[in-house]
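This report concerns only the one structure given below.
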Amino acid sequence: MRISGIKTLLHVKKFGPDHQGHRQKLCGGAYAIIFLSMAVLVSRLSYLQLMNGKKFSELSQRNSVRIVPLQAPRGKILDRNGRLLAGVRPCFNICVVRKDVKNMESLLGKLLPLLNEPESTVRVRVRQMLNQPAYLPAVIKRGADWDEISRIEARLSELPGVVIDVTPGRKYPYGSIAPHLLGYLGELSQEDMDSGRFASAAPGDLVGKYGIEARYQAELAGRKGERTLEVDSRMMLKRVISERKPVPGDDIFLTIDLDLQMAAEQGLGDQVGAVVALDPSTGRILALASTPKFDLEAFARGISTKEWQIVNDPLYRPMVNKALQEAYAPGSTFKIVMAGAALQEKIVDEATTFFCNGSFKLGRRRFRCWNRRGHGKTNIYKALAESCDVYFYNIGLKLGVDRIARFARGFGLGERTGIDLPGEQRGLVPTREWKRKKKHEAWLKGDTLNISIGQGAVLVTPVQMASLVASVANGGTIYRPGYVERLVGPDGVTEKEFACKERGKLPVSLKNLSIVKKALKGVVQGRHGTARKCRIRGVEVAGKTGTAQVVKQTKRRQSERMKWQCRDHAWFVAYAPADNPLIAVAVLVEHGGHGGSVAAPIARQVMERWFQLMAPKPVIMPQRSASFRAAVASLAS
Amino acid sequence: MFDKRYIENFDWWLFLAVMGLMIVGFINLNSASAATGFPFQYKQLQWYVIGLVFMFGFMCFDYHVLPSVSLYIWGLTVFLLVLVLFMGKSVGGSQRWLSLGVMRLQPSELAKLSTVIVLSSWFYKDEREQYRLRDLWLPLLITAVPALLIYKQPDLGTALLLVILFASIVYIAGIRWTSVVIVFASAAPLLPLGWKLLKPYQRRRIESFLNPETDPFGSGYHVIQSKIAVGSGQLTGTGYMHGSQAQLKFLPEVHTDFAFSVWSEEWGFLGDMVLLSLFTILLCRGIAIAQESKEPFGTYLAFGVTAMIFWQMLVNICMVIGLMPVVGVPLPLISYGGSSVLTTMMGIGLMLNVRARRFMFH
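Chains A and B, in that order, give the protein sequences.
As numbered in this note's numbering, the first sequence has no gaps in its residue numbers, which increase by one up to the final residue, 637.
As numbered in this note's numbering, the second sequence has no gaps in its residue numbers, which increase by one up to the final residue, 1362.
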C-alpha cells in the first residue's frame, strides 16, 4: 500500500523490456573495464615490485639525497622613525635526534641536571617529539641561555643524539613595548596546520599567533630556502648538490612613535586600561597601549605554565587588548554625540538653556545629576564643560532613542573601526528592536535618559572613541585607523605604502561642529571645566571626561571605599591644539574612578610628550609659550 | 512500519569491503602521520565515523526523491564553488577550501557526487533508448559549469574527473556508436589547443611524466621517488613504519596523494593485492547493484557512484606508480581528507539505498 503510494507520488518509472536487456549488456562491459584495469595495475606492480624489486630496493638504500629546509630571517618591526621594536637574533635550541638515541631515559637523566627547565616541561616535549620524524632534530629547550649552552657543549660527547641548533628568534631592544600590537610567535600547532593559513610552514616552525605577527605573518615570514645534500649511509655530509637561498621577510614600519607609546604605557602605569592616540588629519595610530602588558621576551624564549597562568588572569586579563577587544559604557564622553545630534536636529541652539536643580523628574522616578546642588541655568557650553546630566536628559527625551541611535552610528559607534587587528569588538548602540529581541521588553523613556548620559546598554571601545574624537577634531572625517606606514622588502626598496581609508563623515554640519568644539575647549580651559587637570602650558586642549558606572549605586559612596571591581571606569577623550589639532587621544582606566582626576592626567602626559617631540628644542618653557605656539602652528600647516 | 526486507537486502559484501578499506586506511595513515609529524590518523578516524553516520543517513530515505531536488543540489554545488573562488582558503597556490568555523569543506569533492546525482536525474527524467549528440547539450552544460569552476581553482584533476563521470553516465544511459566516433574524430585536432590551456606547472608535470629522468631533482623527482618506494616494497614489504622512502621524507604528500606509495613500500606486493581486492569487491558490488535495479534511476545512480570511486582509484594509483602524470586526485577512503571521505561514504550510502529498495518493483 505504502510503497505503491510513494511510487505514484514520485512518478517512478520501470524499465521498458528492451532497455533492461541493453543496459545489462552495458554493465557487462563495465565489469570488463574494471578487470582489465586491475590487470594493468597488477602487472605494473609485479613489474615494479617482483621483477625489479631488488633494483629499487638498492636505489632506496642508496637514496642519499636529503633536502634540508633553510629558515628565512623574519622581517623586523620598526616605529615611524625606524627604531627597532622587534628584531631578529640567533636563538639557540637544544634538540634531540630520536634516531641517534639508544636509551631516552638514561639520556634524560644526564641532560636534565644541565637544563634550567622543570622536568615536567621537558617530558611534555619528549612526548610531542614522538610525532615527528626520527631523523629530524626535535626541540627540547628553545632559546637556551649561555650557561646551558656551555654546560651542554662541554659534555656533548657523553650525550649521543643531542645537538644544538640555531634558528632565527625575536629580540626586543626596547623591551616589551606595545605587546598587544606587536604580538608574539609560537610553534605551529595542528590547528594552525589544518587552518591552511601557513602554507609553507612545517612542524616546529615559529609562526605569528597574535597581533601584527599574526596579521602580517605572510609578509614577515619570507620564503624558506632549501639545501639539497648528498649524504653517506652514516648520514654524514658528502657534498651540497644545490641550494636555494631563503628570502627574508619584509620589514614593517609602523605609524607608532616609540616615545609616545612609552609615554602612554608609563602614564597608565600599573592601572588597568587603554590609551589610543591618533593623528586626526590622517587617522594613523601614534600610540596604542593596553595594560597590564605581557612580557614579549617570555613568549620569545618559551612561556612557562606559571607565566601563562599570570597572563590569563581572569580579573586583569593581560592578554586582552583593551583598546579594541573590550567594550565599555562611554559615560559622559557620549555627550559629544548627544550635543552634535541635538544641534543638528535643531532641538537646541547656542542660546537654549535648561534649568538644572540637581535632578530630573520622569513620572515618579527621579534621575539625578552628578552635581546634587544643580548647575542652575545651563546652555550647551556649560552643559558640556561641567557635564550637566539634566541638560542631556532634556535633549535626550526630545531626540528619542531612534534619532540618538542614528547619530551614534553616524559617529562611528556600534560598528568596528576596521583597525585590521583580530578580535575587534563592535560595541553596542541600543535600539528599540535590540531591546525587544534581547530582553523581550518595550523601550522605556527611562532607557532613553540612561543612554543620554552614556549609561545603560551603550558600549564603546577606546579605539572607537579615539576615532570619534579625531573626527570631531579634523572637522568631520572618520578614518579607518591604521598602524602600518609601509612595508619594505629585503632589497630595501619600499614595496607598499599604506594610507588610512575614509569610513565616512560625521552627520553634523561644520557650523554645529564648531559649537561642539568650542564647548569641548571649555571642558579643559573653562574655569569650572571637569578636565582642568589636562591643561598644558602654551597649548589649548579640548576634550570630554567620562565616568562610567559599573554597578548601580543606591547610595553615593567614595570610590576608594568600594571593591576594585565595583568602581567606575574613568574615560577621557581629547585633542590638541584645540584650533588646529595635531593629536587626538582616548584614555580609559578600568575601575579608575573619576575621568577628570584619573584619565585626564594620562592624556595630558601623552599630549605633552607629543608636543615636546614636535617642538624645536629646547622644549616647552612657560615664557616661550608664544613662540612655541607659533612653531606648532607652522608645523601644522 | 519498517519493512524488514530493507535489512534482508542490505549489501553485506559491499559494507565489509568498505570497512576493510577503512582499516587499511587507518593503519596506513598511522605510519604516514609519523612521517609528517602530525597525527592525521585520529582526525581521519573521526571522519570515518561521521562518514558511516552519513552512509546510514543516505540509506534511510527513498532515493526516488532525488530527481525532484536535483536542481537544488546542483545550485548549491555551484554556489559553494563560486564561494570558494571568492573567499576560499588557498593551500599550495590553489583555492580549494571553504572555512566553516570548526571544519573546512572542499566543495570540489562534493561536486563529484552531486554531478552523479544530477546527471542520473536528468537522464532518468528524459529517458530514451539511445541518445544522439544533440540530445546531450543540457547534461554537458550541467557538468561543464562545476567543472570550469573547479578548473579555475585550479584543480585540473577534479575538473577532468567530472568530465569522465559525464562520459560514464552517458555510456550507461546509452549513446549511438556513431556519436562516439564523431566526438573522437573532432577531439583529435583540438589537442594542441588543450595543451595551451594548461598552466606551466601542469605542462611540466606531463613532460616530466613522459621523460622523468631529464630532471631528476625537479618536477620528475616525486614520481621517481614514488616508483622507488613502490618497487622497494618487493613481495612482503619493508615492514610497517619502516618504509625509508616515506619515513625519511623522500615522498611528498604521504598522507594524501601518495598514501598508496607508503602502503606499497611497507606491505609489498601482497599488501597491494589485499588493497586491490577490496576495491575490486566494492566496484563489482556497485556494478551488480546497478544491474539488479529494476528501474533506470537506480541503475544510473549506482553506476555513477561506482564510476566515481573507480576512476579516482585508477587515476591515483596510476599516478603513483608512474603510469600517468601527477594530478591531485585522492585514493578513496585511503587518502586523508574529510570531504573526500564524506563524499565517498554518501555515495556508498546511495548504492546501499538502491539495493535495499530493489524489491519495490517485484
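Glycine included, C-beta positions come from ideal geometry on N, C-alpha and C.
- Taking a 10 Å sphere around the C-beta of Phe1260 of chain B, we find 16 or more other C-beta atoms and assign the residue as buried.
- With contacts defined by Cβ atoms closer than 9 Å, Met1059 of chain B and Leu1352 of chain B form a contacting pair.
- Per DSSP, reduced to three states, the secondary structure at Ala542 of chain A is strand.
- Arg215 of chain A: not part of any beta strand (DSSP E); member of the alpha helix (DSSP H) spanning 211–215, first to last residue.
- Boundaries of the alpha helix (DSSP H) harbouring Gly1347 of chain B: 1338–1356, taken from the DSSP string.
- According to the DSSP assignment, His594 of chain A belongs to no beta strand (DSSP E), since it is labelled neither H nor E.
- The three-state reading of DSSP puts Cys91 of chain A in strand, counting E and B together.
- Within chain B, no C-beta atom comes nearer than 8 Å to that of Val585 of chain A; the closest sits roughly 37 Å away.
- Uninterrupted alpha helix (DSSP H) stretches at least 4 residues long and entirely within the region 39–81 of chain A occur at 53–62, given in chain order.
- Judged by their CB atoms, Ala178 of chain A and Glu265 of chain A are nearer to each other than the 9 Å cut-off.
- A buried status is given to Tyr479 of chain A, since no fewer than 16 other beta-carbon atoms sit within 10 Å of its beta-carbon.
- Under a criterion of Cβ atoms nearer than 9 Å, the residues of chain B adjacent to Gln24 of chain A are, in order, Gln1291.
- Assignment of beta strand (DSSP E) within the region 400–450 of chain A, counting only whole runs of 3 or more residues, yields no such run.
- The DSSP-derived three-state label of Ala574 of chain A is strand.
- Within a 10 Å sphere around the beta-carbon of Trp1013 of chain B sit fewer than 16 other beta-carbons, which makes this residue exposed.
- For Ile34 of chain A, the chain B residues whose Cβ falls inside 8 Å of its Cβ are Thr1280, Leu1283, Cys1284, Ile1287, Phe1310, in order along the chain.
- Val1326 of chain B carries a coil assignment under DSSP once its states are collapsed to helix, strand and coil.
- With fewer than 16 other Cβ atoms from the protein chains shown falling within 10 Å of its own Cβ, Ala630 of chain A counts as exposed.
- DSSP places Gly273 of chain A in the uninterrupted beta strand (DSSP E) bounded by 273–279.
- The beta carbons of Gly1328 of chain B and Gly1174 of chain B sit about 32 Å from each other, so the pair does not count as a contact at 8 Å.
- Using a CB distance cut-off of 9 Å, Gly1037 of chain B counts as an interface residue toward chain A.
- Counted as a single uninterrupted DSSP element, the beta strand (DSSP E) harbouring Pro168 of chain A occupies residues 162–171.
- For Asp251 of chain A, the three-state secondary structure derived from DSSP is strand.
- The contact set of Ile1317 of chain B on chain A, defined by CB atoms closer than 7 Å, consists of Leu41 in chain order.
- Relative to Lys25 of chain A, the option among B:Tyr1336, B:Val1326, B:Ala1288, B:Arg1357 whose CA is nearest is B:Ala1288.
- Here the alpha carbon of Asn63 of chain A sits roughly 11 Å from the alpha carbon of Lys1249 of chain B.
- By the neighbour-count criterion, in which 16 or more other beta carbons inside 10 Å mark a residue as buried, Glu153 of chain A falls on the exposed side.
- Within its own chain, the residues whose Cβ lies closer than 6 Å to the Cβ of Val1230 of chain B, once the five positions on either side in sequence are excluded, are Ser1261, Ser1264, Ile1321, listed in chain order.
- Think of a sphere of 7 Å around the beta carbon of Thr1299 of chain B: the chain A residues whose beta carbon falls inside it are Arg23, in chain order.
- For Phe1061 of chain B, the secondary structure class from DSSP, reduced to helix, strand or coil, is coil.
- Contacts with chain A at 9 Å (Cβ-Cβ) include Ala1229 of chain B.
- In this chain, the beta strand (DSSP E) harbouring Lys496 of chain A covers 494–497.
- If the five residues before and after Glu1127 of chain B are omitted, its C-beta is found closer than 7 Å to the C-beta atoms of Pro1296, all from its own chain and listed in chain order.
- Assignment of Cys388 of chain A by DSSP, reduced to helix, strand and coil, places it in the coil class.
- The Cβ neighbour count for Thr1143 of chain B, taken over all protein chains shown within 10 Å, is at least 16; the residue is labelled buried.
- Taking 9 Å as the cut-off, the beta carbon of Leu487 of chain A is found closer than this to the beta carbon of Asp250 of chain A.
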